[in-house]
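Chemist: Have a look at this one.
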Amino acid sequence: MASVPRIGAIASGDRPDCLLWIRETVMVVEYIRYKVPSTDAQTFEKDYATAGDILGMSEHCLSYELSRCVDEPGSYVVRIEWDSIDGHMQGFRHSDVFQRFFAVIRPYVNQIEEMRHYEPLSAH
């Protein structure tokens, strides 16, 4: 992955137009952490497989991954790569695809422990 400009470095300068460009064009990773009771785990995994198929219909979703913690099987992390923050928050969230996605994951919203966007700094 190519190195991307750090949002904080640009935001601290006097070029707010650069920050807007970053928001609109730089890939961002969303991490969602869930704590799911063992009685719901199988259904959760099945529902997120369906939700992942729906995410794949969005032009803004670049990739998707659901992982289960080995040490704590009720802990899950969803990792979604979006084309940009605006692509996620404005494009996807205001689409019919989001409505279909949310209908599937709605039962698990109260089990979210964290949901945040992260900027990639390096990868290999």
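Each residue of the sequence shown is one higher than the one before, starting from 4 at the first, in the numbering used here.
Yeah, the Cβ is synthetic: ideal placement off N, Cα and C, and Gly gets one too.
1) Tell me whether the beta-carbon of Met-30 lies closer than 8 angstroms to the beta-carbon of Asp-86.
2) Decide if His-91 is buried, meaning its Cβ has at least 16 other Cβ atoms within 10 Å, or exposed.
3) What residue range does the beta strand (DSSP E) around Tyr-111 cover?
4) Nearest CA to the CA of Gly-77: which residue from Ala-106, Thr-42 and Phe-101?
5) Tell me which residue opens and which closes the beta strand (DSSP E) that Leu-65 is part of.
6) Since I believe Met-118 is in contact with Ile-35 (beta carbons under 8 angstroms), could you give me their beta-carbon distance rounded to a whole number of angstroms?
7) Rank His-97, Glu-75, Arg-96 and His-127 by C-alpha distance to the C-alpha of Val-39 and give the top, closest one.
8) Among the candidates Glu-33, Glu-122 and Pro-110, whose CA atom is the shortest distance from the CA of Leu-69?
9) When the Cα atoms are used, what is the spatial distance from Glu-48 to Tyr-37?
10) With a threshold of 16 other CB atoms inside 10 Å of the CB of Ser-61, please say whether the residue is buried or exposed.
11) Give me the Cα-Cα distance between Tyr-121 and His-97, rounded to the nearest whole angstrom.
Modeler: So, to answer that:
1) The criterion of a C-beta distance shorter than 8 angstroms is satisfied by Met-30 and Asp-86.
2) Taking a 10 Å sphere around the C-beta of His-91, we find 16 or more other C-beta atoms and assign the residue as buried.
3) For Tyr-111, no beta strand (DSSP E) encloses it, and the DSSP letter there is neither H nor E.
4) Nearest C-alpha to Gly-77: Thr-42.
5) Annotation: the continuous beta strand (DSSP E) that includes Leu-65 extends over 64–71.
6) Going by Cβ atoms, the distance from Ile-35 to Met-118 rounds to 5 angstroms, so yes, they are a contact pair.
7) The option with the nearest alpha carbon to Val-39 is Glu-75.
8) Put simply, of Glu-33, Glu-122 and Pro-110 the residue whose alpha carbon is nearest the alpha carbon of Leu-69 is Glu-33.
9) Distance between the alpha carbons of Glu-48 and Tyr-37 is about 11 angstroms.
10) Ser-61 should be labelled buried.
11) Tyr-121 and His-97 have their alpha carbons spaced roughly 21 angstroms apart.
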